[in-house]
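Q:
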Amino acid sequence: MNPFEYRRAMDATAAVALVTEHPGAAFLAGGTNLVDHLKLGVARPDLLVDVSRLPLDTISSLPDGRVRVGAAVRNSDLAADPLIRRRYPMLSAALLAGASGQLRNLATTGGNLLQRTRCVYFQDVTTPCNKREPGSGCSALEGYNRGHAILGASEQCVAVHPSDLAVALTALEAEVQVLGPAGERTIPIGELYRLPGDAPERDTVLSHGDLITAVDLPELPMAACSAYRKVRDRASYAFALVSVAAAVDVADGVIRDVRIAFGGVAHRPWRATRAEQLLRGEPATETAFAAAAHAELAPARPLAHNAFKVPLAASTLVATLRGLTEEGR
Amino acid sequence: MTTELVTVDLLHFHAIGVPLERADGTIKVTGRAPYAFEHPVTEPVYLHPVQATVARGRVTGADTAAARALPGVIAVLTHENAPRMVSGDDPELWVLQSTEIAFRGQFVGAVLAETLEVARHAADLVRMEYENLPHDAELDPRRDDLYAPDVLNAGYPTDTAEGDVDAAPAAVTIDRTYRTPMEHNNPMEPHAVIALWAEPGELLLYDSSQGVHRVRGALATAFGLDPGRVRVVSPYVGGGFGSKGSAHAHHALAVLAAQAVPGRPVKFALTRQQMFSQVGYRTPTVQHVRLSATADGRLTAISHEVVEQTARLKEFAEQTAVCSRMMYTAPNRRTSHRLARLDVPVPAWMRAPGEAPGMFAAEVAMDELAVACGLDPIELRARNEPGTDPVTGRPWSGGRHLVECLREGARRFGWDPRDPTPGVRRDGEWLVGTGVAASTYPRHLLPGNRATVRYTPDGRYSVLIGAVDIGTGTWTTLAQIAADALEVPVGAVALEIGDSDLPQASVAGGSSGMSSWGSAVVAAARAFRARYGEGPPVGAEASAEAPAEPGGDFAADSFGAQFAEVRVNADTGEVRVPRMLGVFSAGKIINPRTARSQFIGGMIMGLSAALHEESVLDPRFGHVVNHDFADYHIAACADVVDIDAAWLEEVDPHANPMGSRGIGEIGIVGAPAAIANAVHHATGIRVRDLPITPDRLLTHGLL
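Protein chains in written order, with this note's numbering: chain Z, 1 to 329; chain H, 330 to 1032.
1. What are the partner residues of residue 34 of chain Z, as DSSP defines its beta bridges?
2. Give the residues from the stretch 217–237 of chain Z that approach chain H closer than 7 Å (Cβ to any Cβ), ordered along the chain.
3. When you check each C-beta in the stretch 1009–1027 of chain H against every C-beta of chain Z, which residues fall closer than 7 Å?
4. Taking the alpha carbon of residue 582 of chain H as the reference point, which residue from H:420, H:864, H:1018 and H:937 has its own alpha carbon closest?
5. Can you give me the Cβ contacts of residue 331 of chain H inside the same chain, cut-off strictly under 8 Å, excluding the 5 residues immediately before and after it?
6. Would you kindly check if the distance between the Cβ of residue 1007 of chain H and the Cβ of residue 769 of chain H is under 7 Å?
7. Could you check which residue in H:613, H:481 and H:656 has the C-alpha nearest to that of residue 632 of chain H?
8. Going along the stretch 945–968 of chain H in order, which residues come within less than 7 Å of chain Z, judged by CB to CB distance?
9. Helix, strand or coil for residue 564 of chain H, going by three-state DSSP, please let me know.
10. Hey, does residue 315 of chain Z have any beta-carbon neighbour from chain H nearer than 7 Å?
11. Alpha carbons only, please: which of Z:260, Z:24, Z:93 and Z:242 is nearest the one belonging to residue 249 of chain Z?
12. If you measure from the beta carbon of residue 450 of chain H to each beta carbon in chain Z, is any gap under 7 Å?
13. Considering only the beta carbon of each residue, do residue 829 of chain H and residue 773 of chain H sit closer than 7 Å?
14. Let me see if you follow: with CB-CB separation under 7 Å, is residue 1029 of chain H close to chain Z or not?
15. So, using beta-carbon positions, are residue 574 of chain H and residue 602 of chain H closer together than 7 Å?
16. With a threshold of 7 Å between beta-carbons, can residue 901 of chain H be considered close to chain Z, or not?
17. The beta strand (DSSP E) that contains residue 726 of chain H, what's its start and end?
18. Do you know whose CA, among Z:128, Z:226, Z:192 and Z:98, lies nearest residue 241 of chain Z's CA?
19. Counting along the chain, where does the beta strand (DSSP E) carrying residue 678 of chain H start and finish?
20. So, helix, strand or coil for residue 1014 of chain H, using DSSP?
21. Quick one: measure Cβ to Cβ for residue 869 of chain H and residue 861 of chain H, integer angstroms, because I've assumed they're closer than 8 Å.
22. According to the Cβ coordinates, are residue 84 of chain Z and residue 73 of chain Z closer than 7 Å?
23. Report the start-end ranges of each beta strand (DSSP E) in the stretch 343–400 of chain H that is 3 residues or longer and not cut off at the edges.
24. Output the residue ranges of the alpha helix (DSSP H) runs that lie fully inside the stretch 798–858 of chain H and measure 4 residues or longer, sorted by chain position.
25. Compare the C-beta of residue 126 of chain Z with all C-beta atoms of chain H and state if any pair is closer than 7 Å.
26. Please list the partners that residue 1 of chain Z has in chain H, where partner means a Cβ-to-Cβ separation under 8 Å.
27. Can you look up residue 329 of chain Z in the DSSP assignment and give me helix, strand or coil?
28. Any idea what DSSP makes of residue 588 of chain H, helix, strand or coil?
29. Hey, residue 1033 of chain H and residue 501 of chain H are a contact pair by Cβ (cut 8 Å); roughly how many whole angstroms apart?
30. Got a sec, what are the start and stop residues for the alpha helix (DSSP H) residue 1024 of chain H sits in?
31. Would residue 1047 of chain H pass as an interface residue toward chain Z - the criterion being a Cβ-Cβ separation below 7 Å?
32. Taking the beta strand (DSSP E) that residue 771 of chain H belongs to, which residues open and close that run?
33. Residues in its own chain within less than 7 Å of residue 898 of chain H by CB, not counting five upstream and five downstream?
34. Check whether chain H comes within 7 Å of residue 262 of chain Z, counting only Cβ atoms and requiring the distance to be less than that.
35. For residue 692 of chain H, count neighbouring C-beta atoms within 10 Å of its own C-beta (all shown protein chains included) and say buried if the count is 16 or more, exposed if not.
36. Please confirm whether residue 144 of chain Z has its beta-carbon closer than 7 Å to some beta-carbon of chain H.
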């Protein structure tokens, strides 16, 4: 545990400037992940810039039908928001499937997206980890990898992204508003997260000093028929073995449109584009769901302890789509 | 053979049996009960340890300069400068006395600082150098260096054999291997201590302990101190489950630190991560069970052979197969225990050592036998009920009421009518099943208990004994016993416990507390009344020791029946337990309210073992890698739905003056088997490895 300086930011631009000019600085929001890392020695910032009280804590409807969620909106507030619950039920369900009530009261929207993997080796500074210490090796590859990636991993890193919220946002094609040293920009969430490749230390495309200020949800009527199904080792307070965020638009028994993302299977939320393509225009049947799931998971490369995730992801997707389409009838 | 059954002089029950609320409930929920770390002390020093990052080897160098240079650091201790201890009889306590490293995580240094944060930062700055030797941390039952320990925990013999198991007639045979994982006790309150050393040789410890005299004795021996000048104070304890039953390395480290800063209290609370290497755990087990039976389900042979691990540093031999020596009648029987000696942290007591893992294997095997014989599992057990204890040939003290527990449980649970066909009940996406298993736990009565009764000016009776309340309810229940022994209302009793300056008491372990301490309290109360009658003068005082074994020549065990309903998600393999019921025969229940908490607490821990708990030791490194509550799963509130416990109304006339046998551990025993059996009934999949996580069901063919 290193000593650090603490400053509370009063506006976003100043916060970005402060972090940008300090190579060892980090943003602090809810702190539910970063504070653990401070204690464990996983993160050793010398300056914490607290952005949790910036005026980014509102949920608002934009004129074009989109919904803007401020980065400092707490997970519990976002989950409970009537607009969110009505228009994007999968988002509310994903949040409520995460962590515990106490953690959700602290954790913010922006912080949730930037939380880091819970790979046990990443969190244990006495073991090698390429994500924590590039070049030191991946302990999970030949170690305890039951919770690790089956898709998109590399020899350098097999970690999974732990966020539930990010999975739902990926299915929704949310856009992330970022304020950086060079000003504002918009990043589609599908482009925010990286696969590990040979630089697993980088979870996202963000650079030092970039601050997420908001997440924009598209106007997506089909999202009203959506669900988030999280499979985990106990009934609450556990990270996903596999999760599925799905929205579906069915008319006359035929799938007009569908959105699917998996959690717990890769270094980033896994948008199931292949499955979506196969399902569009198909009858909403269990056979079609299963064929799409298997096509999406065909490239899966399981590790020693996580082969079960392949059939689990498939059957969880089938069950989720079954539930959504049965409701629709 | 003649058996002599001595009936003890039972108390007249007035306070005993009443569901009194916890005497310490209000101060606990309002935060006023001081736990170990919270005792107010002045100018404390904070300790943070340095832990070995190799699993076997030697310390070859310690660079502490950067740590010592940090403002606020008072001292950095390593083997080079730590005070010397006197006795290494308990190798676990032999801390910073040599360069040897026997397991990863072993304490190799300690920083003392003015604040906790500085201590932790400075500990990061200490650079230890090691000679790294090859280590061996993987339990594999095929190893060729397994050995038979001289004796098992609690003094049981390592192996037993009667008749010829291999030649026993068998129309039906179950021959299976079962596995239970390494599990950690994980009490909510971490192990914590405040140690104060006063020259020339006086030690005060505020501790979180299951046995203040046990810790006092261990530290007095290790440091060569007069036990009379060591005081261990532990009034409130946030759980222990066995892990606080003995002195561990953190005690020794705190005392070494206290000796380095005489006159200043040293505060040391383990982090959750540190608890995974310092304070014991349940060994993983590999259990080969073979049951032979006639076609109508009468056992002809029982074989229960166990492979488990111990530590190179110190032996602990879990008595896993002991339950199979006495549960059922069978003319041919064999039990054995073999250990692998590994470079791992030292295993130790965890709630129902032996019975908890052993009865998982034994009672799942019985369920498999019931299925193979086409018998209801309750009927199978009833057919194999021994008349007397198969180990000693003696009758059971208070009788053996297993079948009554099973039948009463069946009635309450709605067991009948039950279609035994597995995998046929479905509620939407959920497969539904029910399961049953037997439970047992021995009655232990520990020696070395003494109590004092004193009449005080306010017209009350002080009752003094160095017992502890680890969350079980001792503050309440021991006062109830004292009240009945003195024949006064509970309000007239002022109980004093949790301090080694009080009369000698045994550890809160082996479900022995109420029996052992209660017997001493009754003896002291009776001595007091014998000397002073009903109208004692103020200051009147009497002390007495508990008699050794009051009840004579009998077997002493409690029994129970565990029932579970499970739902298994057919799409995902998730297991939910909507309903559990335990019915127990444990002698007189001192306080139904606290007893129910103990029973269902044990059952919840059994549920947790069945579905969640597993310490994952990475053999490449030698330490448990899922060493926090995010990754080491225990049952969450959402996993615990409808759990109930009931008991037979009985009094054991041979056990002790309370007629009780102890209830701290029996609740966990058999619960995992009941759940595993219910999972089989729901799905047709027999999971023989705990915990029953979704992947185990998926890889066994659920999908």
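Cβ atoms here follow ideal geometry from the backbone N, Cα and C, with glycine treated the same way.
A: Reading off the structure:
1. Reading the first sequence from its first residue, position 34 is the one you call residue 34 of chain Z. Beta-bridge pairing links residue 34 of chain Z to no other residue.
2. 231, 233, 234, 235, 236 and 237
3. 1022, 1023, 1024 and 1027
4. Here residue 582 of chain H refers to the residue found at position 253 when the second sequence is read from its first residue. When only C-alpha atoms are compared, the closest one is H:420.
5. Stepping through the second sequence from its first residue, residue 331 of chain H is reached at position 2. Any reading at residue 331 of chain H must be qualified, since the residue scores a pLDDT of 41, below 50, and its modelled position is unreliable; the value itself is stated next. No residues qualify anywhere along the chain.
6. The count along the second sequence starts at 1 and reaches residue 769 of chain H at position 440. The count along the second sequence starts at 1 and reaches residue 1007 of chain H at position 678. The answer is no: Cβ separation not under 7 Å.
7. Start at 1 with the first residue of the second sequence, and residue 632 of chain H comes out as number 303. For residue 632 of chain H, the nearest C-alpha among the options comes from H:656.
8. 945, 947, 949, 950, 954, 955, 959, 960, 962, 964, 965, 967 and 968
9. Sequence index remark: in the second sequence, residue 564 of chain H carries index 235 (1-based). Note: residue 564 of chain H maps to coil in three-state DSSP.
10. Working through the first sequence from its first residue, we reach residue 315 of chain Z at position 315. At least one chain H Cβ lies under 7 Å of residue 315 of chain Z.
11. As a first step, residue 249 of chain Z is located in the first sequence; it is residue number 249 there, counting from the start. The shortest C-alpha separation from residue 249 of chain Z is found at Z:260.
12. Reading the second sequence from its first residue, position 121 is the one you call residue 450 of chain H. Chain Z contact via Cβ: present.
13. Translated into positions along the second sequence, residue 829 of chain H becomes position 500. Translated into positions along the second sequence, residue 773 of chain H becomes position 444. Contact flag unset, no.
14. As a working mapping, residue 1029 of chain H is identified with position 700 in the second sequence. With 7 Å as the cut-off, residue 1029 of chain H does not count as an interface residue toward chain Z.
15. Taking the second sequence and counting its residues from 1, one reaches residue 574 of chain H at position 245. Taking the second sequence and counting its residues from 1, one reaches residue 602 of chain H at position 273. Not in contact: residue 574 of chain H and residue 602 of chain H (Cβ atoms no closer than 7 Å).
16. As a first step, residue 901 of chain H must be located in the second sequence, where it is residue number 572. Yes, because at least one Cβ of chain Z sits closer than 7 Å to the Cβ of residue 901 of chain H.
17. Here residue 726 of chain H refers to the residue found at position 397 when the second sequence is read from its first residue. Residue 726 of chain H -> no beta strand (DSSP E), and no H or E assigned at all.
18. Locating residue 241 of chain Z in the first sequence gives position 241, counting from the first residue. Answer by Cα proximity: Z:98.
19. Taking the second sequence and counting its residues from 1, the one referred to as residue 678 of chain H is at position 349. Looking at the DSSP string, residue 678 of chain H is not in any beta strand (DSSP E), and its letter there is neither H nor E.
20. Counted from its first residue, the second sequence places residue 1014 of chain H at position 685. DSSP places residue 1014 of chain H in coil when its eight states are reduced to three.
21. As a working note, residue 869 of chain H is residue 540 in the second sequence. As a working note, residue 861 of chain H is residue 532 in the second sequence. With 8 Å as the limit, residue 869 of chain H and residue 861 of chain H qualify as a contact, their Cβ atoms being about 5 Å apart.
22. Position 84 of the first sequence, counted from the first residue, corresponds to residue 84 of chain Z. Position 73 of the first sequence, counted from the first residue, corresponds to residue 73 of chain Z. No, they are not a contact pair.
23. 374–380 and 386–392
24. 803–815
25. Taking the first sequence and counting its residues from 1, one reaches residue 126 of chain Z at position 126. By this cut-off, residue 126 of chain Z is an interface position.
26. The residue given as residue 1 of chain Z occupies position 1 in the first sequence. In chain order: 446, 449, 450 and 453.
27. Working through the first sequence from its first residue, we reach residue 329 of chain Z at position 329. Reliability fails at residue 329 of chain Z, whose pLDDT of 44 lies under 50, so the model's placement of it is uncertain and the value that follows must be treated cautiously. Residue state, collapsed to three classes: coil.
28. Mapped onto the second sequence, residue 588 of chain H falls at position 259. Three-state DSSP puts residue 588 of chain H in a helix.
29. One cannot answer for residue 1033 of chain H here, as it falls past the ends of chain H, which runs 330 to 1032.
30. Here residue 1024 of chain H is taken as the residue at index 695 of the second sequence, counted from 1. From DSSP, the alpha helix (DSSP H) with residue 1024 of chain H extends over 1023–1028.
31. The structure shown does not extend to residue 1047 of chain H, since chain H is modelled only from 330 to 1032, so the question has no answer here.
32. Position 442 of the second sequence, counting from 1, holds the residue named residue 771 of chain H. 759–771 is the extent of the beta strand (DSSP E) around residue 771 of chain H.
33. Numbered from its first residue, the second sequence carries residue 898 of chain H at position 569. If we look at residue 898 of chain H and ignore the five residues flanking it on each side, its Cβ neighbours are 758 and 759.
34. Counting from 1 along the first sequence, the entry for residue 262 of chain Z is found at position 262. Not closer than 7 Å to any Cβ of chain H, the Cβ of residue 262 of chain Z fails to qualify, so no.
35. Here residue 692 of chain H refers to the residue found at position 363 when the second sequence is read from its first residue. Residue 692 of chain H should be labelled buried.
36. To locate residue 144 of chain Z, count along the first sequence from 1; it is residue 144. Yes, residue 144 of chain Z counts as interfacial toward chain H.
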